[in-house]
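Asks:
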Amino acid sequence: MSLRVMIILLILFSAASLYSQQRQFTGGTISGIVYDKSTGHAIEYANLVVISKTDSSVVTGTVS
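Each residue of the sequence shown is one higher than the one before, counting from 28 in my numbering.
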């Protein structure tokens, strides 16, 4: 095979292997305590907003 064909095949297989390694995120949990930086006290009823990395939209979820 010519060098050009080998390079094209290498690029195609490399791109295909990178795409196949992407995983779908099925869910998770965020937990913790939010503290006031100046006083060190826990903040009651603090809100946390999670933003989607791809389009900056707010990710929906539940409060527990």
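Note that the Cβ used here is the ideal one computed from N, Cα and C, for glycine as well.
No experiment lies behind these values; they were computed from the predicted model shown.
In the DSSP output, what is A69 paired with across the bridge?
Replies: Here residue 69 is taken as the residue at index 42 of the sequence shown, counted from 1. A69 pairs with Y62.
Asks: Could you check which residue in S65, D82, G59 has the C-alpha nearest to that of A73?
Replies: Reading the sequence shown from its first residue, position 46 is the one you call residue 73. Checked all of S65, D82, G59; the closest Cα to A73 is G59.
Asks: Could you work out which residue in L36, D82, L75, M33 is closest to T56 when comparing CA atoms only?
Replies: Translated into the one-based positions of the sequence shown, residue 56 becomes position 29. Considering only alpha carbons, the answer is L75.
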